[in-house]
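Notes follow the structure.
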Amino acid sequence: MLGIEYQSKRGYIGLDYFGRTVGIKIMPVGVHMGQLQSGLRLPDREWRLAELQQQFEGKTVLLGVDDMDIFKGINLKLLAFENMLRTHPKWQGRAVLVQIANPARGKGKDLEAIQAEIQESCRRINGDFGQSGYSPVVFIDREVSTVEKIAYYTIAECVVVTAVRDGMNLTPYEYIVCRQGAPGSESMSEVSGPKKSMLVVSEFIGCSPSLSGAIRVNPWNIEATAEGMNEAISMPEQEKQLRHEKHYRYVSSHDVAYWSKSFVQDLERACKDHFRRTCWGIGLGFGFRVVALDPYFTKLNIDSIVNAYEISESRAILLDYDGTLVPQTSINKAPSAEVLSIINTLCSDRRNTVFLVSGRDKDTLGKWFASCPKLGIAAEHGYFLRFQILCRWSREEEWQTCTQALDFGWMEMAKPVMNLYTEATDGSSIETKESALVWHHQDADPGFGSSQAKEMLDHLESVLANEPVSVKSGQFIVEVKPQGVSKGLVAERILASIKERGKQANFVLCIGDDRSDEDMFENIADIMKRNIVAPRTPLFACTVGQKPSKAKFYLDDTFEVVTMLSALADVTDPELETDSAYELSASISSLDIGDEQSESTGRTIGG
Ligand SMILES: O=P(O)(O)OC[C@H]1O[C@H](O[C@H]2O[C@H](CO)[C@@H](O)[C@H](O)[C@H]2O)[C@H](O)[C@@H](O)[C@@H]1O
């Protein structure tokens, strides 16, 4: 939906938009039953009905009630009626089209032209098919009172709406209610016998999908509309009755009161969490956004994290890469010498387990962090894992896949879709990773690139609906990756492995900037409630940039992230260094390893 993440929430769609939930609901508005029923009880109705019954005695009345404007398709209706009289001559002398045209609310050449066409059609049809005492078209272009309209609805065998574009259009609903009559008000002139109503409605009007018993037509198709009219008035009486009953049940139970109540209920549900959030206006011009933030969302205080770090015995440090350790805007994406040095210092303390958790591919990360042998790396959102250098005697890194061999047949389906958008979007490109496909649009025109990304996301979601993949957007990317591979799961595994090694973490720092990192924040918040980390472990879940997040803390940019990590490095005690490489080689087996399986890429750990 608009490229924004959404969930289906009990009959309505909830979009997450800058920390707020925006509910979207499609529901046709109904009629005011009470008002219509009072109209049906008006004393005036009685004599008007009697008059009309006399006027149209022995005739089958088709009724149109429309505003006089260029969208209502009144002339199309007249042409279809003319066609019906010609192709079904049995209706000549018997069928009458009463067209009420509410006076035009506007003026203009187009309106004058349509009025002239209507006049000409009425003249022609009445000239060709009229007989003494029979005018096939009765055109009423004056203000018609509610009670008079109710009388027309009551005598009409069928209502025809041929608008070529319209909003809801409640004429069919009003007609159904009038044909039913007000409960207990049957009078002498009331339509006797079982209640019936028939509808021919344009497929372009709002109420059309809610009337399953109506005959739906494309009003531009004169022949089909003529056939629809003939079918409606020729239908067996019992079927007309069944269709009427079904429509009346719907219209009377889904009235305007039901509609408003239902929206208010959903509004209350969607806004439930809004009250505990604080709204801020952020950005300028077109970049201005109202952002709802949790009141406990605060800037990460470096002194507090340093204090907690110093007194802890087993620390888990999980770091995202792009947008966290290097700015999204950097041309050179490789880590700086400063970042590598800080990471090496953090890794040098045996109390620390430091992991890079990134969406990037394993070869790039392996190359960039070759000088950090004690750093754990989760590449491609954790599909590949590199623990520390495995063995004392070997400095060769070893990658493992987090799951059994997967079927990547979906890539053959996703690639052609991405190709289409790449061809049409200058500056975009496709990145093929071992487990995922990524469409990049950072170098495309910003507006066009992001609207293409939104459209492609929808397209991919429908093409891949039955495939075991998830399609997500990130910083200038749309990524398709296997289901069950997420930074959240990898974070959980890392913390579980620390516990397995008998060093249950009592300090957790988890930092990242984008959508994929939110999975980490969410899983880790949940882990804190379980027994995987030590009781009362401080969790420093931190997002980069002040924006709605599942993290409790934020830092403004990558510069502040590096400053904070550097402060931790300053109080790190390399004295405590041991040959943790050896230790971690043992930890691999504790990482919930399932059926191990050799692969060209490395081994597999069960997931
Ligand atoms: O999990 P992260 O470390 O944040 O990595 C996420 C993605 O990083 C890479 O894309 C990013 O860098 C590109 C330039 O090198 C840039 O065009 C894009 O907008 C950034 O999102 C990587 O190419 C992706 O595969 C990762 O998913």
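Residue numbers (our numbering): 146 to 752. Note that CB positions come from ideal geometry on N, CA and C, so glycine has one too. Here the structure is a predicted model, which means the values were calculated and not measured.
State the start and end residues of the unbroken alpha helix (DSSP H) segment that holds Pro561.
In the DSSP assignment, Pro561 falls within the unbroken alpha helix (DSSP H) covering Trp555 to Ala569.
Relative to the C-alpha of Ala308, which residue among Ser493, Val653 and Val362 is closest?
Nearest of Ser493, Val653 and Val362 to Ala308, Cα basis: Val362.
Using CA coordinates, which residue listed in Leu412, Lys254, Ile263 and Gly203 is at the minimum distance from Phe226?
Out of Leu412, Lys254, Ile263 and Gly203, the CA that lies nearest to the CA of Phe226 is found in Ile263.
When DSSP labels each residue in this structure, what does Asn247 get in the three-state scheme?
Of the three classes helix, strand and coil, the one that applies to Asn247 here is strand, per DSSP.
Nearest-angstrom beta carbon gap, Gly504 and Ser661 [assumed within contact, 8 angstroms]:
Between Gly504 and Ser661 the Cβ distance is about 6 angstroms, and since that is below 8 angstroms, they are a contact.
Whether or not the stretch 376-391 and the stretch 339-353 are in contact is what I'm after, with contact meaning three or more pairs of Cβ atoms, one per stretch, closer than 8 angstroms; do they touch?
Output reads yes: the stretch 376-391 touches the stretch 339-353.
At which residues does the alpha helix (DSSP H) containing Pro317 begin and terminate?
For Pro317, the enclosing alpha helix (DSSP H) starts and ends at Thr316 to Gln325.
Contacting residues, own chain, Cβ-Cβ under 6 angstroms from Val583 (five flanking each side not counted)
Annotation for Val583: Glu576, Ile622 and Glu624 place their beta carbon closer than 6 angstroms to its own, counting only its chain and skipping 5 residues before and after.
Close-in-space but distant-in-sequence residues of the same chain around His419 (CB under 7 angstroms, 5 per side omitted)
Same-chain partners within the cutoff: Arg165 and Ala437.
C-alpha gap between Leu160 and Ile259, whole angstroms
For Leu160 and Ile259, the distance between alpha carbons rounds to 43 angstroms.
Cα separation between Arg540 and Trp513?
Note that Arg540 has pLDDT 49, beneath the 50 cutoff, so the model's placement of it is unreliable and no number is given.
With distances taken Cα to Cα, identify the nearest neighbour of Gln628 among Ser642, Glu606, Ala696 and Leu640.
Checked all of Ser642, Glu606, Ala696 and Leu640; the closest Cα to Gln628 is Glu606.
Can you list, in chain order, the residues of its chain whose CB lies under 7 angstroms from that of Asp659, leaving out five sequence neighbours each side?
If we look at Asp659 and ignore the five residues flanking it on each side, its Cβ neighbours are Gly468, Gly619 and Gln620.
Taking only the alpha-carbon atoms, compute the straight-line gap between Ala714 and Thr490 and give it to the nearest angstrom.
Going from the Cα of Ala714 to the Cα of Thr490 covers about 6 angstroms.
When DSSP builds the beta bridges, which residues end up paired with Lys617?
Looking at the DSSP assignment, Lys617 forms a beta bridge with Glu624.
Where Leu230 sits in the DSSP three-state scheme:
If DSSP states are grouped into helix, strand and coil, Leu230 belongs with the helices.
Ile622 Cβ short of 6 angstroms to ligand 1 heavy atom set:
It does: the Cβ of Ile622 is within 6 angstroms (strictly closer) of some heavy atom of ligand 1.
Option in Ser694, Tyr566 and His526 with minimal Cα separation from Asp603:
When each option's Cα is compared against that of Asp603, the closest is Tyr566.
I'd like the list of long-range same chain contacts for Leu640, defined as Cβ closer than 8 angstroms, with 5 residues on each side in sequence excluded.
Leaving aside the five residues that flank Leu640 on each side, the residues in its chain whose CB is nearer than 8 angstroms to its CB run, in chain order, Ala461, Ala650, Val653, Ile669, Ile672, Ile677 and Val678.
For Ala261 and Cys424, I'd like the C-alpha separation in whole angstroms.
Taking the straight line joining both Cα atoms gives about 56 angstroms.
Taking a contact to mean a Cβ-Cβ separation below 7 angstroms, would you say Asn366 touches His233 in this structure?
In this structure, His233 does not lie closer than 7 angstroms to Asn366 by Cβ.
In chain order, what residues of the same chain lie with their CB nearer than 6 angstroms to the CB of Met112, ignoring the 5 residues before and after it?
Because residue 112 is not part of the residues shown, which for the chain are 146 to 752, the question remains open.
Compute the distance between the beta-carbons of Asp445 and Leu700, then report whether it is under 7 angstroms.
Rather than Asp, the amino acid found at residue 445 in this sequence is Leu. Contact flag set, yes.
Check this for me: beta carbons of Val206 and Glu302, under 7 angstroms apart or not?
In this structure, Glu302 lies closer than 7 angstroms to Val206 by Cβ.
Any C-beta of chain D sitting closer than 7 angstroms to the C-beta of Ala402?
Absence of chain D from the displayed structure is noted, only one protein chain being present.
So is Trp236 buried or exposed if we call it buried at 16+ other beta carbons inside 10 Å?
With at least 16 other beta carbons inside 10 angstroms of its own, Trp236 counts as buried.
Go ahead and pull the three-state DSSP assignment for Arg361.
Here Arg361 sits in strand by DSSP.
Would the stretch 543-562 and the stretch 515-535 be scored as touching if the rule is three or more Cβ pairs under 8 angstroms?
Because the criterion of three Cβ pairs below 8 angstroms is met, the stretch 543-562 and the stretch 515-535 touch.
Of the residues Pro693, Ala598, Ile245 and Pro173, which one's Cα is nearest the Cα of Ala765?
For the chain, the structure presents residues 146 to 752; residue 765 sits outside this window and is missing.
Determine the extent of the alpha helix (DSSP H) in which Tyr699 is found, giving its start and end residues.
First-last for Tyr699: Phe698 to Leu700, but that is the beta strand (DSSP E), not the alpha helix (DSSP H).
Give the secondary structure of Asp724 by DSSP, where H, G and I count as helix, E and B as strand, and everything else as coil.
Confidence at Asp724 is low in this model, with a pLDDT of 47, below 50, so its placement is unreliable and the value that follows should be read with caution. Of the three classes helix, strand and coil, the one that applies to Asp724 here is coil, per DSSP.
If you drop the 5 nearest sequence neighbours on each side, which residues of the same chain put their C-beta closer than 6 angstroms to that of Ile427?
Taking C-beta separations shorter than 6 angstroms and ignoring five residues to either side along the sequence, the partners of Ile427 in its chain run Arg434 and Val436, following chain order.
Which residue wins for smallest C-alpha separation from Pro248, given the options Ser711, Ile488 and Phe284?
Nearest C-alpha to Pro248 among Ser711, Ile488 and Phe284: Phe284.
Answer yes or no: the CB of Ser503 versus the heavy atoms of ligand 1, is any distance below 6 angstroms?
Yes, since a heavy atom of ligand 1 falls inside the 6 angstroms radius drawn around the Cβ of Ser503.
Selection from Phe201, Gln199, Asp214 and Arg638 that minimises the alpha carbon distance to Thr498:
Of Phe201, Gln199, Asp214 and Arg638, the residue nearest in Cα terms is Arg638.
I'd like to check one pair, Ser631 with Asp664: are the Cβ atoms closer than 7 angstroms?
Yes, they are a contact pair.
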